[in-house]
Each structure stands twice: as structure tokens, then as C-alpha cells.
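Please read the structure below before turning to the comments.
Chains as they are written, first to last, in the working numbering: chain V, 2 to 137; chain P, 68 to 480.
Take a look at the structure:
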């Protein structure tokens with residue numbers, strides 16, 4: 002049963018990211034010029050302005066940097082509240098905003114190890130797989 | 068964000084220091100307007116940007132002792148739209164030789180005016196700020212926040228405001244929540260500790276008849292207030308209200324024989340996050356930008372942290388005020404909340420801060436009401452919340468991606 006979620010940003014570049022997710026792969030844009038990993042998806046490199054990227058596979062491993070829990074309804078009831086978000090530093094150095102899977106915010110310690118999983122979701126653009134993180 | 072007019076900051080140059088002084092101040096009735104909106108009396112008509120701007124201007128002009136004929140410069144700053152320059156001049160009944168649209172939030176408008184005065188574009192400038200966020204039903208989060216890295220609709224909106232919708236992440240409050248949750252884990256500061264910040268600001272507001280929220284609260288009441296985005300409570304998040312501020316700024320050498328004590332603008336700085344916003348914001352607590360911009364301002368003014376007797380920070384979220392107090396060097400990293408708990412931000416502490424009630428309890432004028440309070444404090448007009456013997460003060464606009472400090476001195480009459 003797919004969870005309903007607020008809308009993704011779709012379009013050139015964004016679509017490729019979600020296509021990789023649909024194959025349960027976390028891949029981000031690696032600049033063909035400077036090698037910098039870009040996230041969120043961009044048309045030109047955040048670090049050097051170059052416009053060519055390769056879709057680089059991430060290890061899927063990371064550490065929790067921060068968290069928050071939404072009590073206020075910002076999405077017209079699409080998500081049951083309260084729900085939690087975490088900020089994960091991937092092994093590759095990128096900060097990735099996501100949701101905890103199978104653990105509570107009370108369990109979180111700074112630097113706790115987590116690994117990516119993919120969860121069936123849907124929004125106005127159809128069904129998709131959302132990268133979320135579980136404890137290692 | 069798309070409404071924001073680009074503004075070119077003048078450099079933090081010594082030749083611009085002390086060339087202009089604030090000689091007139093006017094604000095709208097924040098408290099009365101907020102109450103009227105919450106409980107509209109019969110025949111209530113919500114305030115307009117134009118009406119609020121006119122009121123603040125008339126009050127500033129009366130406060131300065133000047134006449135319309137003395138005003139030869141005019142700038143308009145409006146966060147969610149307002150009259151263009153010629154229309155504003157006509158509305159206020161002035162004939163300025165220099166008249167510009169001047170950004171919106173307090174991230175540059177005052178330095179722009181001080182530099183223009185130093186360069187001879189005008190001698191006496193009325194700066195107008197007005198906003199009707201509450202009347203306009205402005206919301207600060209949700210799926211309507213859209214943006215793009217590509218030129219076109221929504222261009223320039225930071226991705227953190229729209230890109231993480233599928234994970235349910237939105238709103239300004241969530242930014243502050245992520246900042247504090249990290250800070251809390253790193254430094255062992257608890258929610259009930261952070262409560263002291265909003266409590267201190269509210270205690271100040273209880274001495275300000277024009278503050279929107281004036282009733283003091285206990286830490287127990289703070290903890291019982293609902294979460295907006297945990298770990299932050301309702302009382303950690305700023306107000307949304309309508310209002311206007313007018314500052315009349317005059318050439319410093321023409322400001323020595325005025326009705327009120329002049330407030331000289333001595334320095335300013337600016338630093339923005341260029342990339343990796345989440346990292347700088349959450350892990351570095353905006354520290355590099357605060358240090359850089361603060362350093363520019365202090366060097367320009369020939370002043371140091373030890374000179375500052377009153378601070379007005381941008382408390383859109385309680386933790387962000389602490390980020391600024393640490394980032395500018397008033398407290399050590401991780402010790403800002405303890406600094407507040409020890410009473411150092413109170414009227415008799417080392418750094419009386421946000422004495423009018425800030426954005427949390429006073430008024431949310433996007434940094435302009437902080438400048439207004441600074442003028443009152445340096446003049447010695449702050450009544451029961453006056454900081455004794457004040458000579459130098461600092462304001463700071465700081466958002467999740469930029470820092471804009473300004474320094475001031477009580478001028479000689």
C-alpha cells in the first residue's frame with residue numbers, strides 16, 4: 002500500500018533521480034568537470050557551473066546530523082501527524098533530508114549510523130519509491 | 068522569495084561610517100492592529116500597506132521636527148508589494164530629488180541610504196517600510212511553496228523551501244527546528260533551557276505597550292505550549308502581523324541641532340551562504356557568515372564587541388537569536404543559551420537584547436522594528452526598559468542564508 006506524499010519536483014534531471022529510486026538505487030549528480038556531488042538536483046553544478054553530470058551511485062550509508070518532528074499541518078492533511086524528518090550526512094559528504102524508517106526520534110543520537118531503504122509512495126505525479134533511512 | 072527586489076549593498080567602507088544619522092522615527096500601532104484583526108470590531112477595515120506607510124511617515128516627520136520640504140530623498144521597502152517610487156512620493160506629499168525602490172527586509176536598505184547621503188544624492192531621506200502579511204493571509208510553508216534552480220517561475224527560491232516536500236519537510240519553522248535539534252545534541256542544551264530565550268524576550272515585551280504579546284510566561288507554560296515543529300514550541304516562533312516603520316535619515320553634519328538626539332550609523336556588513344545551505348545552517352549554525360559580516364561591520368565602525376551595550380537580533384526563531392549572539396562573538400559556541408539563562412540578555416546583563424520584544428513578542432517587521440528600538444534606546448527614550456548609559460548598539464538581520472549586522476552610536480547633539 003503506497004503512502005500518499007506531498008508533490009515531488011519533477012522535470013529534466015529530477016525525473017532521472019526518481020527513476021533510479023524506482024530501481025531502489027540512490028544515485029546523485031556527480032559533476033563531470035569538478036567531481037562535486039550535487040543535491041538537490043541541478044541543471045548546472047553548484048560548485049563550478051558546469052552543465053554535465055554522471056549519475057553516481059551512493060553507498061546508501063550515512064550518519065544522522067539532526068531531526069525534527071512535524072506537528073503543524075503544512076500539507077492539508079496528506080501526511081498523518083506527527084511525523085518525523087532526519088538530516089543524514091551520506092558517506093559521500095552530502096546532506097540528505099529524509100524520514101526515519103523503523104526508529105523514533107527518541108532513539109536518535111548525533112552521528113548515529115543509518116542506511117537507505119526505499120518506500121512505496123504516491124503523489125499527483127503517480128507512484129514512486131522514496132529513499133528513507135533505517136538504523137544499521 | 069520571488070517578490071524580493073535585488074538590492075546592491077554598498078561596501079563596508081570607512082568613508083561611509085558616521086556620514087548619516089537617524090533623526091526621525093515612526094511606527095504603526097502593532098498591538099492595536101493585531102488585536103483588531105483577531106477580534107474585528109464592527110465596521111472593521113483591515114489596514115493597507117499605503118495607510119500604514121502614511122501613518123509611520125507622519126509620526127516620523129513629527130518626531131524629527133522637520134517639515135515635508137526638508138525631505139529630499141525617499142525610499143520604499145515592501146516585503147509583499149507596495150506603491151512604486153513616484154506613487155509613494157505623491158501619497159506622502161513629498162518631492163524628493165532621489166527616490167528609489169529599496170529592497171524590503173532590513174538586509175541592506177539602511178546602508179544603501181547612508182551611502183547615498185555620503186555620495187550627495189540626498190541630504191534627508193525618509194525610509195518607508197510597510198507590510199500587511201497577516202491581512203494578506205501570508206503562510207510560511209506547505210506545497211504552495213514552489214521553486215526552481217532554472218530561470219522562470221519560482222527561480223531563486225532556496226531548494227530547502229520546496230524540494231523536500233515528498234519527505235513532508237517544509238516551512239521556516241522546520242529550518243529552526245533542525246538547527247536546534249543539532250545544537251541540542253551537540254551541546255547538551257534541552258528544550259526547557261531554550262525556553263529561557265523566548266521568556267526573556269517576552270519579559271522585555273511586557274515593558275513595551277506597543278508589543279503584540281506582552282504577558283510573561285513560565286518555563287512550565289512554555290513546555291506546555293504546543294509544538295509547531297518539534298523540538299520547537301509555538302513560543303519559539305515569531306509572530307505574523309501587519310505594520311510599518313519610517314526612519315528619517317539625515318546627513319550627519321546636518322543632524323547635530325535637531326529635536327532629538329541623533330543616532331549615527333557607524334558600520335555594516337553582509338555575508339551570504341553561497342552553497343551547501345543545510346550544512347552551513349545546521350552544522351555550522353551560520354557561524355562563518357556571522358563572523359565575516361560582523362568583522363566587516365566592526366572594522367568599518369572602528370568598534371569591537373566590548374563596545375556594544377544593546378543588541379537587536381533577528382529572532383524569527385528563538386535559537387536563531389542565540390546563533391547570532393554566538394556568531395558575532397558575544398558568547399562562546401554552545402554557551403549562548405546559558406548566557407541568556409544567566410540574565411546576560413536582560414536589561415542589566417552584559418548584552419541587553421531585543422528589548423522591545425523582538426520578532427517573537429514585539430512585532431514582525433522583518434528587521435525594521437529592531438532598528439526602531441535601537442533608535443529609542445540610544446536616544447534614552449525606552450522608558451521602563453531603558454538600558455542605562457548606552458552609547459553603542461548593534462542590530463542584526465540574519466536569515467537561514469545571510470547575515471546583515473549594522474552598528475550605531477549615540478550622536479552628539
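We put the beta carbon where it would ideally sit given N, CA and C, even for glycine.
With H, G and I counted as helix, E and B as strand and the rest as coil, what does DSSP make of residue 147(P)? For the purposes of this step, residue 147(P) is taken as the residue at position 80 of the second chain. Of the three classes helix, strand and coil, the one that applies to residue 147(P) here is coil, per DSSP.
DSSP on residue 439(P), reduced to helix/strand/coil? Counted from its first residue, the second chain places residue 439(P) at position 372. If DSSP states are grouped into helix, strand and coil, residue 439(P) belongs with the helices.
From this set, 468(P), 480(P) and 395(P), which residue's C-alpha is nearest residue 242(P)'s C-alpha? Working through the second chain from its first residue, we reach residue 242(P) at position 175. Nearest C-alpha to residue 242(P): 468(P).
Could you check whether the Cβ of residue 117(V) sits closer than 9 Å to any Cβ belonging to chain P? The sequence position of residue 117(V) within the first chain is 116, counting from 1. Closer than 9 Å: no.
Mapping the DSSP letters down to three states, classify residue 50(V) as helix, strand or coil. Residue 50(V) sits at position 49 when you count from the first residue of the first chain. In this structure, residue 50(V) counts as coil in the three-state DSSP scheme.
Please check the pair residue 277(P) and residue 431(P), which I expect to be a contact at CB under 8 Å, by giving their CB distance rounded to whole angstroms. Stepping through the second chain from its first residue, residue 277(P) is reached at position 210. Stepping through the second chain from its first residue, residue 431(P) is reached at position 364. In fact, because the Cβ distance is near 13 Å, the residues do not count as touching under 8 Å.
Using the Cβ count rule (16 or more neighbours within 10 Å means buried), how would you classify residue 208(P)? Here residue 208(P) refers to the residue found at position 141 of the second chain. Label assigned to residue 208(P): buried.
Anything in chain P within Cβ reach of residue 122(V), meaning under 9 Å, just list it in chain order. Numbered from 1 along the first chain, position 121 holds the residue referred to as residue 122(V). By Cβ distance, chain P contributes 233.
Local conformation of residue 133(P) per DSSP, three classes: Here residue 133(P) is taken as the residue at index 66 of the second chain, counted from 1. If DSSP states are grouped into helix, strand and coil, residue 133(P) belongs with coil.
Members of the stretch 62 to 76 of chain V near chain P, C-beta cut-off 8 Å: 66, 67, 68, 69, 70, 71, 72, 73, 75 and 76
Determine the burial state of residue 371(P): buried for a count of at least 16 other Cβ atoms within 10 Å of its Cβ, exposed for fewer. Locating residue 371(P) in the second chain gives position 304, where the first residue counts as 1. So residue 371(P) ends up on the exposed side.
Using alpha carbons as the reference points, say which of 343(P), 262(P) and 415(P) lies closest to residue 46(V). Start at 1 with the first residue of the first chain, and residue 46(V) comes out as number 45. Measuring C-alpha to C-alpha distances from residue 46(V) to each of 343(P), 262(P) and 415(P) identifies 343(P) as the nearest.
Distance check for residue 305(P) and residue 106(V), CA to CA, integer angstroms please. Locating residue 106(V) in the first chain gives position 105, where the first residue counts as 1. Locating residue 305(P) in the second chain gives position 238, where the first residue counts as 1. In a straight line, the C-alpha of residue 106(V) is about 25 Å away from that of residue 305(P).
For the stretch 89 to 104 of chain V, which residues have a CB atom closer than 8 Å to at least one CB atom of chain P, in sequence order? 96, 98, 99 and 100
Boundaries (first-last residue) of the beta strand (DSSP E) holding residue 459(P): Taking the second chain and counting its residues from 1, one reaches residue 459(P) at position 392. From DSSP, the beta strand (DSSP E) with residue 459(P) extends over 459 to 465.
Restricting to runs no shorter than 4 residues, where is the alpha helix (DSSP H) found entirely within the stretch 261 to 335 of chain P? 286 to 291
Looking at the secondary structure, which residues open and close the beta strand (DSSP E) in which residue 87(V) lies? Locating residue 87(V) in the first chain gives position 86, where the first residue counts as 1. Here the beta strand (DSSP E) through residue 87(V) covers 84 to 91.
So what does DSSP say about residue 69(V), is it helix, strand or coil? The residue given as residue 69(V) occupies position 68 in the first chain. Of the three classes helix, strand and coil, the one that applies to residue 69(V) here is strand, per DSSP.
Does any residue of chain P bring its CB to less than 9 Å from the CB of residue 57(V)? If you number the first chain from 1, residue 57(V) lands on position 56. False, the Cβ-Cβ gap to chain P never drops below 9 Å.
Per the contact definition of three or more C-beta pairs closer than 8 Å, is the stretch 121 to 131 of chain V in contact with the stretch 284 to 297 of chain P? Touching, no.
Neighbour list for residue 253(P) in chain V, Cβ cutoff strictly below 7 Å: By one-based count along the second chain, residue 253(P) stands at place 186. Near residue 253(P) (Cβ distances below 7 Å), the residues of chain V are 111.
Coarse secondary structure for residue 26(V), derived from DSSP in three states: The count along the first chain starts at 1 and reaches residue 26(V) at position 25. Here residue 26(V) sits in coil by DSSP.
Between the stretch 81 to 88 of chain P and the stretch 165 to 185 of chain P, do at least 3 Cβ pairs fall closer than 8 Å? Taking 8 Å as the limit for Cβ pairs, the verdict is that the stretch 165 to 185 of chain P does touch the stretch 81 to 88 of chain P.
Is residue 131(V) close to chain P? Criterion is C-beta to C-beta, closer than 9 Å. Position 130 of the first chain holds residue 131(V). Closer than 9 Å: yes.
With DSSP collapsed to three states, give me the class of residue 116(V). Along the first chain, one-based indexing puts residue 116(V) at 115. It is a strand residue.
Got a sec: is the Cβ-Cβ distance from residue 86(V) to anything in chain P below 9 Å? Stepping through the first chain from its first residue, residue 86(V) is reached at position 85. Residue 86(V) counts as touching chain P.
Once you ignore the five residues that flank residue 25(V) on each side, which residues in its own chain have a CB closer than 7 Å to its CB? Counting from 1 along the first chain, the entry for residue 25(V) is found at position 24. So the qualifying residues of the chain are 119 and 130.
Which residues share a DSSP beta bridge with residue 166(P)? Position 99 of the second chain, counted from the start, is the residue given in the question as residue 166(P). Under DSSP, the beta-bridge partners assigned to residue 166(P) are 141(P).
Cut-off 8 Å between Cβ atoms - residues of its own chain near residue 283(P), not counting five sequence neighbours on either side: Your numbering for residue 283(P) matches position 216 in the second chain. Hits under 8 Å: 266, 269, 270 and 273.
Looking only at its own chain, which residues have a Cβ that is under 6 Å from the Cβ of residue 69(P), when we skip the five neighbours before and after it? Residue 69(P) sits at position 2 when you count from the first residue of the second chain. Residue confidence is low: residue 69(P) scores 33 on pLDDT, short of 50, so the model does not pin down where it sits. No coordinate-derived value is stated.
When we look at the beta-carbon of residue 66(V) and count the other beta-carbons within 10 Å, is it buried (16 or more) or exposed? Here residue 66(V) refers to the residue found at position 65 when the first chain is read from its first residue. Residue 66(V) should be labelled buried.
Thinking C-alpha only, which one of 139(P), 366(P), 167(P) and 399(P) is nearest residue 74(P)? Working through the second chain from its first residue, we reach residue 74(P) at position 7. Of the listed residues, the one whose Cα sits closest to residue 74(P) is 167(P).
Buried or exposed: which applies to residue 124(V), given that a residue is buried once 16 or more other Cβ atoms fall within 10 Å of its Cβ? If you number the first chain from 1, residue 124(V) lands on position 123. It counts as buried.
Residues bridged to residue 91(P) (per DSSP): Position 24 of the second chain, counted from the first residue, corresponds to residue 91(P). Paired residues: 315(P).
DSSP-derived helix/strand/coil call for residue 379(P): The residue given as residue 379(P) occupies position 312 in the second chain. Here residue 379(P) sits in strand by DSSP.
To which residues does DSSP link residue 471(P) through a beta bridge? Position 404 of the second chain, counted from the start, is the residue given in the question as residue 471(P). Paired residue(s): 464(P).
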